[in-house]
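Asker: Sequential numbering from 1 applies to the sequence shown in the UniProt record's numbering. Idealized CB from N, CA, C, for every residue including glycine. Quick caveat: nothing in here was measured; it's all calculated off a predicted structure.
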Amino acid sequence: MSGERGAARGARIYEVLRLTRPLVLNSARVVEAALKPDGVSVGMRAVLEILAECGPLTVPAVADRLDLARQGIQRHVDDLARLGYVETRANPAHRRSVLVHLTGGGQALFTRVRQAELARLATMAPDCSAEEITAALTVLQALHRDVQQRVKDDQRAPAETDQREGPR
Numbered sequence: 001m002s003g004e005r006g007a008a009r010g011a012r013i014y015e016v017l018r019l020t021r022p023l024v025l026n027s028a029r030v031v032e033a034a035l036k037p038d039g040v041s042v043g044m045r046a047v048l049e050i051l052a053e054c055g056p057l058t059v060p061a062v063a064d065r066l067d068l069a070r071q072g073i074q075r076h077v078d079d080l081a082r083l084g085y086v087e088t089r090a091n092p093a094h095r096r097s098v099l100v101h102l103t104g105g106g107q108a109l110f111t112r113v114r115q116a117e118l119a120r121l122a123t124m125a126p127d128c129s130a131e132e133i134t135a136a137l138t139v140l141q142a143l144h145r146d147v148q149q150r151v152k153d154d155q156r157a158p159a160e161t162d163q164r165e166g167p168r
């Protein structure tokens with residue numbers, strides 16, 4: 001790709017990423033307001049979603065799926081347990097680790113919240129076709145994959161540099 005075309009492409013991708021920042025923040029605000037009557041935060045909702053999609057998981061497994069720190073997920077799990085939306089049970093694969101399960105109430109809450117969100121989302125971007133929405137999804141998935149890989153590469157690079165330089 002020529003330098004000028006590459007720069008133009010980079011500028012367009014930058015605009016996509018630039019729009020995602022306020023979109024994510026404002027989406028979180030809207031979701032948080034909708035969840036407030038249930039005493040659930042956006043982070044807690046994310047934990048419910050992962051458990052609804054994947055079934056029982058350990059706290060580190062939930063954290064990995066959300067690209068978040070285990071400690072933050074543990075706080076969300078503790079809060080959800082206090083509200084009766086999740087419970088922990090013994091993990092047959094690991095004696096000291098527990099599995100986090102959705103309770104019936106947690107599943108019912110997530111189902112209700114998700115249905116309401118989908119109904120609201122269906123009214124958004126009415127000027128965009130289904131094909132355009134699918135194309136946007138494809139672009140965002142590719143960007144997510146590539147940025148995530150860059151993070152992994154950047155995390156690996158200091159360790160490789162330290163090994164080449166030897167002890168200090």
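#1: Given a threshold of 16 other Cβ atoms within 10 Å of its Cβ, counted over all protein chains shown, does Ala-116 qualify as buried or as exposed?
#2: Is there contact between the region 72 to 92 and the region 45 to 62, where contact requires at least three CB pairs shorter than 8 Å?
#3: When DSSP builds the beta bridges, which residues end up paired with residue 248?
#4: At what residue ranges does the region 21 to 89 contain a whole run of the alpha helix (DSSP H), taking only runs of 4 or more?
#5: Buried or exposed: which applies to Thr-58, given that a residue is buried once 16 or more other Cβ atoms fall within 10 Å of its Cβ?
#6: Inspect the CB distances between the region 77 to 96 and the region 14 to 32 and report whether three or more fall short of 8 Å.
#7: Would Val-62 be called buried (16 or more neighbouring beta carbons within 10 Å of its own) or exposed?
#8: If the criterion is Cβ atoms closer than 8 Å, does the pair Gly-105 and Gly-84 meet it?
#9: Taking all protein chains shown into account, decide if Met-44 is buried (16 or more other Cβ within 10 angstroms of its Cβ) or exposed.
Answerer: Considering the structure as presented:
#1: Only exposed fits Ala-116, as fewer than 16 other CB atoms lie within 10 angstroms of its CB.
#2: Yes, they touch.
#3: This structure gives no information on residue 248, because the portion of the chain shown stretches from 1 to 168.
#4: Here the runs fully enclosed are 42 to 54, 59 to 66 and 70 to 83.
#5: Thr-58 comes out buried.
#6: Contact between the region 77 to 96 and the region 14 to 32 is absent, because fewer than three Cβ pairs lie under 8 Å.
#7: Val-62 is buried by the Cβ-count criterion.
#8: Cβ distance < 8 Å, so Gly-105 and Gly-84 count as in contact.
#9: Buried, by the Cβ-count rule.
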